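I have placed the structure first, in the form of structure tokens, so that the comments after it can refer back to it.
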Amino acid sequence: PPERPTHLELIEVSSDKVTLRWQEGFNGGFANTEFLVTYLNTETGRSMNESCRSQNLCQITGLSANTEYHFKVIAVNPRGYSPYSEDLSVTTKVNLKDMPRPTEAQFDRDTGYLTFHVEPSSLKLLAKIEARPVGTEMWVQQTVISVIRQIEKVQLNPPDEGFSDVRVKLCLESNDSWCGDAKLANPLEEELPNPKDSRAAISSETLMVIVGIIGVTFLICIVLAICCCWKKKVNHKEKKEFEMETQNPRPKAVTPPYFPDGVVNKGLESVTDDIHKAGIYTTNTSGINGGMNGHIPSSSHPHSGMMYNPDPDQSPCSALDHSEPWLKPTDDMGTEGSYQPYDSRLPNGYFYPEDYQPLTEEMMNMKNREHLRKFLMRFSVRGADLFLLLFFQLKTYIVIVQVEVTKSTETF
């Protein structure tokens with residue numbers, strides 16, 4: 111088998127590719143010996159292979175930016191595999207578009223102080239400061255410092271004619287040739303904003319959001335409390351009505367007494383008087399014994415010492431025709447009871463006076479709807495007033511918070 115490759119080295123590195131070179135061992139006389147590069151991503155733990163064929167200067171592409179890789183090489187020919195070479199650790203560069211850049215930079219021409227602001231980053235950075243003297247177009251590097259704080263302040267030594275422009279660019283500490291875009295410094299007008307002020311501004315916005323959420327939550331709680339009170343009031347009213355109905359129930363329908371057909375008064379069932387006799391308290395115009403002036407009518411005949419009328423129904427002077435109504439047969443009298451007849455079509459089966467209107471279910475529903483409508487109107491008016499009050503109060507709180515934040519910013 112071929113011998114092990116040695117002296118693996120890095121030729122070039124970028125954000126997504128590296129170029130490697132190594133020293134080949136003895137291949138046993140096989141010209142078709144190929145080389146296989148194995149590399150490991152330390153962040154993901156994923157290992158991959160890349161065939162370089164017979165090329166000794168091999169380029170590995172498709173890498174992740176700002177990531178550490180371990181590379182090693184093996185030789186392959188028809189006789190077998192060689193041992194792996196030593197490992198080579200390489201960290202790819204940061205993508206240029208991801209390189210940090212100073213957010214603010216100011217240069218004081220009187221004192222020669224340069225102040226710049228850098229956002230927090232996990233990268234180890236260097237700041238390269240370059241200046242252009244008056245009357246020239248060439249940028250001259252003044253100094254290189256390590257970025258430790260968010261706000262860095264550096265004193266420069268300008269020439270007698272001074273600097274026309276000053277710029278700052280951030281580079282990787284591991285590879286100072288890999289730099290981001292430069293930031294041109296502005297003339298000093300006022301102090302750079304303190305990072306504490308920016309944090310205070312962020313906290314003030316958060317505070318306003320919290321105040322708004324609290325206000326909305328308070329309004330929702332008030333609305334829910336009003337709804338619960340209204341529901342409790344309705345339930346109490348229904349309970350009270352139910353108790354009143356339970357304590358004072360409506361009278362039940364009474365079934366009228368039953369009378370046999372043809373009999374209106376029970377007292378008439380025991381009447382045994384002879385209906386042919388004249389009533390005691392009646393006015394009889396036919397005289398005694400049914401005759402005019404006491405004479406016996408010709409149609410009456412004595413029978414065993416007693417007088418009788420053979421056909422009293424056909425006699426025009428019959429006492430029966432002139433007797434009082436309560437002595438008439440019951441079939442000729444109108445039905446008249448001591449109770450009114452029961453009618454199921456009326457409420458509760460009772461008769462009511464003409465000017466009385468019973469409380470029907472429809473009338474109760476109409477009254478309930480009217481009460482509910484009045485309550486909702488009062489509730490909507492009060493809810494609108496309450497909402498306006500809370501809105502203006504919340505607006506006042508926000509204004510107060512903004513004033514306090516402005517005062518604190520001016521203090522810093």
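The sequence shown lines up with residues 111 to 522 when you count with this note's numbering.
C-beta atoms are modelled at their ideal positions from N, C-alpha and C, and glycine is treated no differently.
All of these numbers come straight from a predicted model, not from anything done at the bench.
Taking just the CA atoms, how far does residue j sit from residue i?
| i | j | result |
| --- | --- | --- |
| residue 204 | residue 288 | 8 Å |
| residue 482 | residue 512 | 44 Å |
| residue 180 | residue 277 | 37 Å |
| residue 132 | residue 160 | 15 Å |
| residue 510 | residue 516 | 10 Å |
| residue 165 | residue 192 | 16 Å |
| residue 127 | residue 195 | 20 Å |
| residue 269 | residue 243 | 7 Å |
| residue 252 | residue 275 | 12 Å |
| residue 123 | residue 169 | 10 Å |
| residue 296 | residue 250 | 18 Å |
| residue 247 | residue 232 | 35 Å |
| residue 148 | residue 167 | 15 Å |
| residue 298 | residue 211 | 19 Å |
| residue 528 | residue 283 | Any question about residue 528 goes unanswered here, given that the chain covers just 111 to 522. |
| residue 497 | residue 328 | 11 Å |
| residue 507 | residue 333 | 21 Å |
| residue 347 | residue 338 | 14 Å |
| residue 477 | residue 487 | 16 Å |
| residue 302 | residue 518 | Because the pLDDT at residue 302 is just 46, under 50, the model does not fix this residue reliably, and the point stays unresolved. |
| residue 485 | residue 317 | 38 Å |
| residue 117 | residue 134 | 9 Å |
| residue 321 | residue 225 | 37 Å |
| residue 435 | residue 471 | The predicted model places residue 435 with a pLDDT of 46, which falls under 50 and marks its position as unreliable, so this point remains unresolved. |
| residue 444 | residue 341 | Unreliable placement is indicated for residue 444, whose pLDDT of 45 sits below 50; the coordinate value is still reported in the next sentence. The alpha-carbon atoms of residue 444 and residue 341 are separated by roughly 59 Å. |
| residue 335 | residue 351 | 24 Å |
| residue 349 | residue 473 | 20 Å |
| residue 219 | residue 230 | 28 Å |
| residue 158 | residue 319 | 49 Å |
| residue 475 | residue 502 | 40 Å |
| residue 150 | residue 125 | 16 Å |
| residue 223 | residue 153 | 41 Å |
Whose CA, out of the options, lies closest to the CA of residue i?
| i | options | result |
| --- | --- | --- |
| residue 326 | 504, 189, 255 and 187 | 504 |
| residue 528 | 471, 268 and 214 | No statement about residue 528 is possible, as the shown extent of the chain runs from 111 to 522 and does not include it. |
| residue 130 | 139, 120 and 124 | 120 |
| residue 156 | 323, 177 and 240 | 177 |
| residue 228 | 206, 262 and 333 | 262 |
| residue 146 | 328, 337, 290 and 112 | 112 |
| residue 221 | 264, 190 and 188 | 264 |
| residue 291 | 209, 338 and 471 | 209 |
| residue 206 | 266, 285 and 139 | 285 |
| residue 143 | 498, 152, 488 and 162 | 162 |
| residue 189 | 294, 139, 499 and 134 | 139 |
| residue 240 | 266, 230, 322 and 340 | 266 |
| residue 184 | 136, 151 and 225 | 136 |
| residue 216 | 114, 335, 294 and 343 | 294 |
| residue 330 | 500, 343, 485 and 472 | 500 |
| residue 187 | 141, 150, 219 and 475 | 141 |
| residue 344 | 154, 182, 514 and 479 | 479 |
| residue 115 | 323, 475, 182 and 319 | 182 |
Just to confirm the assignment, what range does the beta strand (DSSP E) spanning residue i have?
| i | result |
| --- | --- |
| residue 136 | Neither: residue 136 is in no beta strand (DSSP E) and is coded neither H nor E. |
| residue 243 | 235 to 243 |
| residue 168 | 168 to 171 |
| residue 158 | 157 to 163 |
| residue 256 | 250 to 256 |
| residue 182 | 178 to 187 |
| residue 281 | 273 to 282 |
| residue 151 | 144 to 151 |
| residue 232 | It is not in any beta strand (DSSP E) - residue 232 carries neither H nor E in the DSSP assignment. |
| residue 215 | 214 to 217 |
| residue 123 | 116 to 123 |
| residue 265 | 261 to 265 |
| residue 204 | Segment: none, residue 204 is in no beta strand (DSSP E) and carries neither H nor E. |
Report yes if the C-beta of residue i is less than 8 Å from at least one heavy atom of the ligand NAP; otherwise report no.
| i | result |
| --- | --- |
| residue 509 | No copy of the ligand NAP appears in this structure; indeed no ligand is present at all. |
>> For the structure I just gave you, are there three or more beta carbon pairs, one from the region 193 to 209 and one from the region 166 to 181, closer than 8 Å?
In response: yes
>> For the structure I just gave you, are there three or more beta carbon pairs, one from the region 236 to 243 and one from the region 256 to 273, closer than 8 Å?
In response: Touching, yes.
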